[in-house]
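In UniProt numbering, the protein residues as written are 1 to 143.
A virtual CB, placed ideally from N, CA and C, is assigned to each residue, including glycine.
Since the model is a prediction, treat every value here as computed from it, not as a measurement.
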């Protein structure tokens, strides 16, 4: 079973992308669009203070009639961030995402953020692992 560390090592985009809490939602959305990501860490003085996602935007800007240019990220970000550690399994992460109804998990090691996983990353890793197991079973059956 693959660990978070192994998944991060194989991840195509390894760069941590973040914005400050005082940025406008519009500015944060521009960064997200440029980087083609659905969520971004909100950091202040090197610490994670929240996470901002497309879901936050849809539910706290669009549905409440706010403007993205006139609202700070701090005002609508998810402040209670759930972290995982590099030695946790992909299955543990998927269960956590399912239980908490979240789609992104920052990875913390030694009080430092080392990555961000999306539900897509976990699904991709799970499918790859299952395909590998099927290939091994087919080889075994053929011998």
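Euclidean distance between Cα positions of residue i and residue j
i	j	result
residue 32	residue 99	26 Å
residue 148	residue 46	The displayed coordinates of the chain run from 1 to 143. Any statement about residue 148 would go beyond what the structure contains.
residue 6	residue 119	16 Å
residue 53	residue 134	35 Å
residue 22	residue 36	21 Å
residue 129	residue 65	43 Å
residue 140	residue 113	41 Å
residue 180	residue 138	The requested residue 180 is not part of the displayed model; the chain covers only 1 to 143.
residue 131	residue 18	34 Å
residue 63	residue 11	34 Å
residue 124	residue 143	29 Å
residue 101	residue 56	13 Å
Beta-carbon proximity of residue i to residue j, cut-off 8 Å
i	j	result
residue 4	residue 86	yes
residue 48	residue 81	yes
residue 117	residue 16	no
Contacts around residue i, its chain only, beta-carbon distance under 6 Å, and the 5 residues preceding and following it disregarded
i	result
residue 79	50
residue 60	76
DSSP beta-bridge partners of residue i
i	result
residue 118	104
residue 50	42
residue 109	112
residue 71	Paired residues: none, contrary to the question.
residue 19	42
residue 84	107
residue 126	Per DSSP, none; premise fails for residue 126.
residue 157	Since the first residue shown for the chain is 1 and the last is 143, residue 157 is missing from the structure and cannot be characterised.
8 Å CB neighbourhood of residue i in its chain, flanking five on each side removed
i	result
residue 122	7, 90, 93, 94 and 97
Cβ separation of residue i and residue j, assumed to be a contact under 8 Å, to the nearest whole Å
i	j	result
residue 28	residue 103	About 17 Å; that fails the 8 Å criterion.
residue 69	residue 26	5 Å
residue 43	residue 83	Contact doesn't hold; Cβ gap of about 13 Å is too wide.
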